Amino acid sequence: MYIILLVLGVFLWISPAPVTAETLDQILNQVNKLRAKYSLNPLRLEPRLTQFSQEHAESMAQHRFFDTRARDGSDFENNILKTGYSFQKVALEVAAGLPSAAHVVTHWEADDQARNHILTHDIQEIGIGYAAIANDPRGHNHYWAITLAKPTQRFSGNWRTAVLKKVNAYRARYKLRPLLANDDLNEAAQAHSNDMAVKDYFAHIAPDGSSVAERAERAGYPWRYILENIAAGQTTPEEVVHGWIGSDSHREAMLERDIKEAGIGYRFHPQDGGRSRHFHYWVLVLGRQ
0 MYIILLVLGV FLWISPAPVT AETLDQILNQ VNKLRAKYSL NPLRLEPRLT QFSQEHAESM
60 AQHRFFDTRA RDGSDFENNI LKTGYSFQKV ALEVAAGLPS AAHVVTHWEA DDQARNHILT
120 HDIQEIGIGY AAIANDPRGH NHYWAITLAK PTQRFSGNWR TAVLKKVNAY RARYKLRPLL
180 ANDDLNEAAQ AHSNDMAVKD YFAHIAPDGS SVAERAERAG YPWRYILENI AAGQTTPEEV
240 VHGWIGSDSH REAMLERDIK EAGIGYRFHP QDGGRSRHFH YWVLVLGRQ
């Protein structure tokens, strides 16, 4: 996400002026003022995002580059994860050469991509960075960075019971018998959730070639009929079951008349920095012995 490319040049480096609470407040107030125009919730300042944004602004000023990527070419998403911050959505906006909070936010408002990021309805937190240098030959003495994010965290309730309850409630609408929880299927489902999160993939077939049938057998389940639903990215049991209901193949699996038992797995991967970056991994295994 490359926003407001104002200058790529050579300048005299002087140590950056430290960011002040007043600077942070000015940007935060201007951003929230813009969001209020569209009846959107105000953003709250987040310390880890602010530290990341500040370091990025200082690095741009010190090392003569202007980019959302770091000086070493690494992407900002993975660098944010290194701070310990897990996100469902994240965007980084940068600007240079604008002397005040009002100027830079007005400039972002005029840019379609930056404005869309700032006005994303469900983002909740912001980090702000600013670095000032002296005697820039081109006059671009001000470097700005804001990180906008929707955080995510592990579901804290009894997710296994909640998923099964919602699946059975859906089956009841079609006068189908409720499914019983099965420890072996729970083990198989949990193993696959863990595997997808740790090995960076999202698929029914694992990298070792195993299918749900083989995973159920490994867990000791003598299946005669076996099915599997998977999902990733949803943060609650309600979201994940709703998603399955909205998919033909997943809905059919949950409404299969011949299954009697179910197992559920869930893994939250807070440092999910791979290609399959979903943080939340869900598995529902449906079977009959």
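The sequence shown begins at 0 in numbering that gives the first Met the number 0 and counts up one residue at a time.
Every residue gets a Cβ at the ideal spot worked out from N, C-alpha and C, and that includes glycine.
Fair warning: this is a prediction, and the values are worked out from it, not measured in the lab.
Note the first and the last residue of the continuous alpha helix (DSSP H) segment covering histidine 191. 182–198
If you follow the beta strand (DSSP E) that glutamate 227 is in, where does it begin and where does it stop? 224–231
For arginine 276, the three-state DSSP class (helix, strand or coil): coil
CB-CB length for glutamine 233 against tryptophan 281, believed under 8 angstroms: 7 angstroms
Report, in whole angstroms, the separation of the C-beta atoms of leucine 283 and isoleucine 258, which I expect to be a contact under 8 angstroms. Actually they are not in contact, since the Cβ atoms of leucine 283 and isoleucine 258 sit about 11 angstroms apart, beyond 8 angstroms.
Alpha carbon to alpha carbon, how far is histidine 268 from threonine 82? 14 angstroms
Taking 6 angstroms as the limit between beta carbons, can you name the residues of its chain near arginine 287, skipping five residues before and five after? Arg223, Tyr224, Asp257, Ile258, Lys259
Every unbroken alpha helix (DSSP H) within the stretch 42–104, with a cutoff of 4 residues, ordered by chain: 46–62, 75–80
With leucine 285 and leucine 178 assumed to form a contact (beta carbons below 8 angstroms), what rounded beta-carbon distance in angstroms separates them? 7 angstroms
The beta strand (DSSP E) that contains glycine 268, what's its start and end? Strictly speaking, residue 268 in this sequence is histidine, with glycine absent from that position. Neither: histidine 268 is in no beta strand (DSSP E) and is coded neither H nor E.
Near phenylalanine 75, what residues of its chain come up, given a Cβ to Cβ distance below 6 angstroms and the 5 sequence neighbours on each side ignored? Thr67, Leu91
Limits of the unbroken beta strand (DSSP E) element including glycine 128: 124–131
Might you give, ordered along the chain, the residues of its own chain that have their beta carbon closer than 6 angstroms to the beta carbon of glycine 272, omitting 5 neighbours on each side? Asn77, Leu80
When the Cβ atoms of the stretch 123–130 are set against those of the stretch 51–66, are three or more pairs found closer than 8 angstroms? yes
Tell whether a beta-carbon distance below 8 angstroms holds between aspartate 183 and glycine 219. yes
Which term fits phenylalanine 278, buried or exposed, when burial requires 16 or more other beta carbons within 10 angstroms of its beta carbon? buried
Cα-Cα separation, arginine 153 to threonine 235: 9 angstroms
Thinking C-alpha only, which one of Gln87, Arg114, Ala109 is nearest glutamine 123? Gln87
Helix, strand or coil for histidine 141? Go by DSSP, reduced to three states. strand
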